[in-house]
Every structure is written in C-alpha cells, then in structure tokens.
Amino acid sequence: MAEKLMKAAFKEGGKRGVELEGASDLSGILFYNVSVETPEGDPALLEKVMEGMNLEVDEAEEERRGGSGKIGKLIVSSGEQQLGLMCYVPTEKLDQLNPRDWMSSIELIKNTEKYSAEIVKEDANTCIAVIKADQEKGIYPIKLRDDAISSSITFLQTKGLFPEIKDDDDDDEFVYGDDDL
C-alpha cells in the first residue's frame, strides 16, 4: 500500500511539474504555490510529489514528466488529520529566498496560539511543515489550504517574487452599449 501511494505521489508530481514548467516559461514567474491531492498532508508523500516535480525531463520518454526543478514552489496538501506544506527553493535562487523564511512567513505557521503547526523537516533547499486538525477549535485542514496559499503569495509579493494583480477596473468609466450611441 505504501509503495502504491509513493508511486501515485511521484506521478502526480511529474504531471504537475510539467504544468509548472510550461506556466513559468510562458509567464516568467519563478515561484509558485500549488495544491496537490495525493499526499493528504503526509510529509513523506509531499517529498515524493516534489521529487516528481523536480525530475529532469527525459526527452526520449513518450510522456513528459517533471521539469520544474528551476522553479521555487510551495506545495500544499490537506488530509483529515493535518495540512502538509513543503517549500522548495532551487539552489540558484537561495540568494532571493530561504525556504525556512518562506515557510515561517505563512500566517498559519506563525500563529502557534491558534494552530498546532510544526516544521518537521528541512535542508538547504526545502522546508516541510504540518498543521494538525483540531475539530474542537474548528480547524479543518481543507479549510486552511487556501489561507496558506494566500499568505504565501502575499509574502512572495513583498519580496518582489510574485506579480501583484492590478485592478484595471475604473469605477468612474462608463461603458456604452449600442443603445447609448
């Protein structure tokens, strides 16, 4: 069973890696926030997803996998028991961002009074954390996922690593239809 889950996590990572590589090539964005399903908050499975995402692309293979090793990313996965988060920063981007600083910037990780959050593993390029569910406090991992991603995006924007969305709507502008001409 565990081997089957590891393979599924690696496969999901490979597919998501290709998607990120394409999105990054088109947009120029080098840091992303991604929700993944297979790990269900499990740190070991998050690592397997990241391994699949960062896999060197084998051009001889029929199906393209991985390819996003040059891209910094936060992957988030919710399960019944916990929310799992993993930051990855490529070596060549460590001068711009440290994975522990990135993880520590997420409001859910910082707010230890409300959440049972813990950094469970880290190295030079990665940082993994979990936030435990607490039904008595109304803390459900699936509800925390979007908050984690939003907090991460805000942090990346303050560092100039993620584009800010400009509101082009000008409330003073009138839109005229054919009937108004």
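So in our numbering the end of the sequence shown lands on 341, straight run, no missing numbers.
Ideal Cβ placement from N, Cα and C applies to all residues, glycine included.
All values derive from a computational prediction rather than experimental measurement.
| Asked | Found |
| --- | --- |
| Bridge-paired residues (DSSP) for Gln242 | Lys292 |
| Opening and closing residue of the beta strand (DSSP E) in which Ser195 lies | 191-195 |
| Distance, Asp218 Cα to Val194 Cα | 23 Å |
| Per-residue DSSP class, three states only, for Leu206 | helix |
| Closest Cα partner of Lys233 within the set Ile325, Gly320, Ile309, Pro323 | Ile309 |
| Burial state of Gly212, where buried means 16 or more other Cβ atoms lie within 10 Å | buried |
| Arg224 to Glu216 span [Cα, whole Å] | 10 Å |
| Best match in Ile231, Asn285, Val236, Leu254 for proximity to Ser312 [C-alpha to C-alpha] | Val236 |
| Proximal residues to Gly337 (C-beta, below 8 Å), its chain only, five neighbours per side dropped | Reliability fails at Gly337, whose pLDDT of 48 lies under 50, so the model's placement of it is uncertain and the value that follows must be treated cautiously. Around Gly337: no qualifying Cβ. |
| Inter-residue spacing [alpha-carbon to alpha-carbon] between Met166 and Lys297 | 32 Å |
| Lys281: first and last residue of the uninterrupted beta strand (DSSP E) it sits in | 277-282 |
| Leu321 to Asp306 span [Cα, whole Å] | 19 Å |
| Same chain, Cβ closer than 8 Å to Ser265, neighbours up to 5 away in sequence not counted | Ser311, Ser312, Phe315 |
| Cross-strand partners of Gly232 (DSSP beta bridge) | Phe191 |
| Inter-residue CB distance, Gln242 and Lys292 (contact presumed, cutoff 8 Å) | 5 Å |
| Cutoff 7 Å; reference Gly177; Cβ partners in own chain excluding five residues on either side | Gly212, Met213, Asn214, Leu215, Arg225, Gly226, Gly227, Ser228 |
| Proximity winner among Gly244, Glu221, Pro323, Ile302, relative to Ala204 (alpha-carbon distances) | Gly244 |
| Spatial distance of Phe170 from Tyr248 (CA atoms) | 16 Å |
| Cβ separation of Ser238 and Gly182, assumed to be a contact under 8 Å, to the nearest whole Å | Not a contact, Cβ separation roughly 25 Å. |
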